[in-house]
Amino acid sequence: MSFKETVDRIKNLEVQGAENVAIEAVKSLKEVVKDSKSKNMSGILADLHHAKNLLFLTRPTEPCMRNSLNYVMHDLDYDDPIELTKAICLKVDEVIERFDKNQRIIAQIGSKKIGNGTVVFTHCHSSTILEVLKQAKKQNKKFEVHNTETRPLYQGRITAREIAKLGIPVTHFVDAAARFA
0 MSFKETVDRI
10 KNLEVQGAEN
20 VAIEAVKSLK
30 EVVKDSKSKN
40 MSGILADLHH
50 AKNLLFLTRP
60 TEPCMRNSLN
70 YVMHDLDYDD
80 PIELTKAICL
90 KVDEVIERFD
100 KNQRIIAQIG
110 SKKIGNGTVV
120 FTHCHSSTIL
130 EVLKQAKKQN
140 KKFEVHNTET
150 RPLYQGRITA
160 REIAKLGIPV
170 THFVDAAARF
180 A
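When we follow numbering that gives the first Met the number 0, the leftmost residue of the sequence shown carries the number 0, and every step to the right adds one.
Right, dumping it as structure tokens:
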């Protein structure tokens, strides 16, 4: 996928969940560094910084993406463009690996907190929370989820559909009725 396609997908909310947004954003830096027409360090770094700034603009209030991009872009003191490319690719892979590992750990621990008869409340969209719910469902726990629509972009509706696909009972509330959820 091209960098521009990734930017558009993030901006248009086709990528949901802070972790997924961060992963797509850092993965796109690999494409930028590999596709850079610049042959010198300053040009490649300029391409990377421009890409980072464009990604920041897609979701101005998304700290997970910002932190992940800043991590990848930190300490890029290389003299050779090939070494820089390798370093970016390694850092991107490291970020993705950490997200995967941490999500598994959180799902394992979080699913233990859900007991039979529990009502879980969600707001917005979180791929990590979906993993927690999947894990609890695999453990044959009987619980339900209440969630809100999350205006103005209605990410909660996406979450409700995904929860329902898992076979978990879900009740969807308008944001104004959150106190009743």
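No residue lacks a Cβ here, since even glycine has one placed at the ideal position from N, Cα and C.
For N101, the enclosing alpha helix (DSSP H) has its first and last residue at P80 to K111. Around the CB of E18, 16 or more other CB atoms lie within 10 Å, so the residue is classed as buried.
DSSP, reduced to helix, strand and coil, places T127 within a helical segment of the structure shown. Nearest C-alpha to I87 among I162, K3 and L68: L68. It is roughly 13 Å from the alpha-carbon of A175 to the alpha-carbon of Y153.
By the beta-carbon neighbour count (other beta carbons within 10 angstroms, threshold 16), E13 is exposed. The region 28 to 39 makes contact with the region 69 to 84: 3 or more CB pairs, one atom from each, lie closer than 8 Å. The alpha helix (DSSP H) runs lying completely inside the region 9 to 45 and spanning 4 residues or more are 17 to 34, given in chain order. Judged by beta-carbon spacing, V118 lies beyond the 9 Å limit of K29, meaning their Cβ atoms are not closer than that value. The Cβ-Cβ distance between V144 and T170 falls below 9 Å. In the three-state reduction of the DSSP assignment, T5 falls in the helix class, which pools H, G and I.
Going by C-alpha positions, M72 is about 10 Å away from R65.
A straight line joining the alpha-carbon of P151 with that of T57 spans about 16 Å. The alpha carbon of E93 has as its nearest neighbour, out of I113, Y70 and I108, the alpha carbon of Y70. Of all C-beta pairs linking the region 45 to 53 to the region 97 to 110, fewer than three are shorter than 8 Å, placing the two stretches out of contact.
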